[in-house]
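*Asks:* Have a look at this one before I ask anything.
In our numbering, the protein residues as written are -10 to 542.
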């Protein structure tokens, strides 16, 4: 039988006094255990550097596991709001999303020497999966749109791999703003089975994921933080000022009470007369319910006069907003012209800007997506011999190469057969040639001394002279406002004359005329240089032969 007194003494006196001591000892044991694990970790790492320093304010995940929850400098909610309210940033984001949508893709072998027919069945299976990566009702365009949105706004694209029996079932985009990153004490990402990602919604942790279950994409990774750097983070102060300026302008339009100006009336007018005249004037120009665009009448002094009101400049923030627009476009690598803010520029400049925008802004996004899809194809879908390809960009490269080749072949720098061999096509006997106004001249003929004679060189000189005379006459006619007169020529080929006359029908400015003749004169000069070079070669050859003969004799 238990003694009631002993039981009371144990529960009320002994245990309350001993419990804090035991808990304190337990905490000390745990601290010692953690320190021992840290020492063990340092012994394993040795002198290896940390990826980045764990910042003040980060919290350790649990006792015994050196995983830290990292806080982002600018919260995702702020970046989301800025991307939705700041119209320039939204225009840049939408422009990039539309460009990614229009990019064509395909699945090709990793080895370029292998033909796609070899893996036809696997290619069909991979394409079928990527056409609907998120399941039956999620198309590739929608899936990529969501990823690009988060990459541009938050510099974070998160995808959850939904698996069934170890096999990838579908890819699900996750709101990157709900994902918190965890890192080891040395700054590296935790590897399975350790948790690398947490999902927090409304202040509560909803789920945990490993790197096998979730993918975290970034466009601008940093060495001092596990999070990337979004463009809007750099614009944080500028965007805030832009939004406030827009609200200020809106309040001026909706609640402003400053009229357009004041008109002083004769001093002998009474207040009732002024009021009556004011009502009559307002009724006459009625239609605008606001008064800031009307004139107010008031008692004057001597005579009648108009006094403009001092109101805030209507375009007060124009220069600032233009500067912020250019800055925003630069950070998103989108030219202002692509989002509707056009300025005068030449076609060549516009093409250069478009190419720069593609290379600087679009290609990095497509490259990040390609790397992600390559991992999905090669690891999750089990096809290490296949890869994802944005072949629309490859088409643009092929077009650029074709344009370069088109300029090189007529100059004799490359032959048609050489181009065919570079593109895995058999040669068909296309030799090097140089295109002139009188037709092609084969380089082989030039090297063998079979070249145009001196008479043809003289004719080319006369052609250049006549073209210059014709150009001057056309410029004079244009200056006098007269039609272009027919030009009588003895040396300009008939086909060249017809071409120039046809182009002159559309010439309206001095630049148009100069452009027409400049091209033809350049061709003639090129022919002349070639002919002089051939003549010089012949003279050198003749001199060498004479010298050799003299030595023999």
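Each residue gets a CB set at the ideal place from its N, CA and C atoms; glycine is no exception.
Enumerated in chain order, which unbroken segments of the alpha helix (DSSP H) with a length of 4 residues or greater are wholly contained in the stretch 122 to 184?
*Replies:* DSSP runs (the alpha helix (DSSP H)) wholly in the stretch 122 to 184: 129 to 143.
*Asks:* Taking the beta strand (DSSP E) that residue 187 belongs to, which residues open and close that run?
*Replies:* Start and end: 186 to 190.
*Asks:* Between 478, 515, 92 and 463, which has its C-alpha nearest residue 492's C-alpha?
*Replies:* Of the listed residues, the one whose Cα sits closest to residue 492 is 463.
*Asks:* Helix, strand or coil: how does DSSP classify residue 380 here?
*Replies:* It is helical.
*Asks:* Quick one: residues in its chain with C-beta nearer than 8 Å to the C-beta of residue 395, no 5 flanking neighbours on either side, listed in chain order?
*Replies:* Result list for residue 395: empty, nothing under 8 Å.
*Asks:* Which residue wins for smallest C-alpha separation from residue 323, given the options 78, 269 and 482?
*Replies:* The candidate whose alpha carbon is nearest that of residue 323 is 78.
*Asks:* Could you tell me which of 65, 81, 262 and 12 sits nearest to residue 329, measuring between CA atoms?
*Replies:* It is 81 whose Cα lies nearest to the Cα of residue 329.
*Asks:* My output table needs one value for residue 220: the three-state DSSP class, helix, strand or coil.
*Replies:* Helix.
*Asks:* Using the beta-carbon count (16 or more within 10 Å), is residue 31 buried or exposed?
*Replies:* Residue placement at residue 31 cannot be trusted, given a pLDDT of 49 that sits under 50; what the coordinates show is reported in the next sentence. Exposed: under 16 other Cβ atoms inside 10 Å.
*Asks:* Does the distance from the CB of residue 139 to the CB of residue 105 come in under 7 Å?
*Replies:* No, they are not a contact pair.
*Asks:* Note down, in chain order, each residue of its chain lying with its Cβ closer than 8 Å to the Cβ of residue 406, except the 5 sequence neighbours on either side.
*Replies:* Closer than 8 Å at Cβ, skipping near neighbours: 416, 417, 418, 419 and 420.
*Asks:* Which parts of the stretch 461 to 513 are runs of the beta strand (DSSP E), unbroken and 3 residues or longer, counting only runs that do not cross its ends?
*Replies:* Entirely contained in the stretch 461 to 513, not one beta strand (DSSP E) run reaches 3 residues.
*Asks:* Within 10 Å of its beta-carbon, does residue 171 have 16 or more other beta-carbons around it, so buried, or fewer, so exposed?
*Replies:* The residue is buried, with at least 16 neighbouring Cβ atoms inside 10 Å.
*Asks:* Is the distance from the Cβ of residue 375 to the Cβ of residue 96 below 7 Å?
*Replies:* Cβ distance < 7 Å, so residue 375 and residue 96 count as in contact.
*Asks:* Among 160, 121, 190 and 141, which one has its Cα closest to the Cα of residue 201?
*Replies:* The option with the nearest alpha carbon to residue 201 is 160.
*Asks:* Considering only the beta carbon of each residue, do residue 142 and residue 72 sit closer than 7 Å?
*Replies:* Cβ distance < 7 Å, so residue 142 and residue 72 count as in contact.
*Asks:* Using only the alpha-carbon positions, how far apart do residue 121 and residue 129 sit?
*Replies:* Approximately 6 Å, taken between the alpha carbons.
*Asks:* Please tell me whether residue 135 and residue 178 are closer than 7 Å, where the distance is taken between their beta carbons.
*Replies:* No. Outside cutoff.
*Asks:* Straight-line CA distance for residue 149 to residue 204?
*Replies:* Distance between the alpha carbons of residue 149 and residue 204 is about 6 Å.
*Asks:* Go ahead and pull the three-state DSSP assignment for residue 75.
*Replies:* The answer is coil: DSSP assigns residue 75 none of H, G, I, E or B.
*Asks:* Check each candidate in 311, 221 and 114 and name the one with the smallest Cα separation from residue 69.
*Replies:* Comparing Cα-Cα distances from residue 69 to each of 311, 221 and 114, the minimum goes to 221.
*Asks:* By Cβ distance below 7 Å, which residues in the same chain neighbour residue 320 in space, the five residues on each side in sequence not counted?
*Replies:* If we look at residue 320 and ignore the five residues flanking it on each side, its Cβ neighbours are 220, 223 and 224.
*Asks:* Determine, using beta carbons only, whether residue 137 and residue 63 come nearer to each other than 7 Å.
*Replies:* Cβ atoms of residue 137 and residue 63: not closer than 7 Å.
*Asks:* Excluding sequence positions up to five away, which residues of its chain have a Cβ less than 8 Å from the Cβ of residue 472?
*Replies:* Once the five neighbours on either side are set aside, the close Cβ partners of residue 472 are 466.
*Asks:* In whole angstroms, give me the CA-to-CA distance for residue 390 and residue 400.
*Replies:* Between residue 390 and residue 400, the C-alpha separation is close to 16 Å.
*Asks:* Whole angstroms is fine: what's the gap from residue 167's alpha carbon to residue 186's?
*Replies:* If I take the Cα positions, the gap works out to 10 Å.
*Asks:* Can residue 379 and residue 351 be called in contact, C-beta distance under 7 Å?
*Replies:* No.
*Asks:* So what's residue 92 in DSSP terms, helix, strand or just coil?
*Replies:* Coil at residue 92, not helix or strand.
*Asks:* Let me check one thing: in DSSP terms, what residues is residue 325 bridge-paired to?
*Replies:* BP columns for residue 325 are empty, so no partner.
*Asks:* What are the start and end residues of the alpha helix (DSSP H) that includes residue 358?
*Replies:* 352 to 364 is the extent of the alpha helix (DSSP H) around residue 358.
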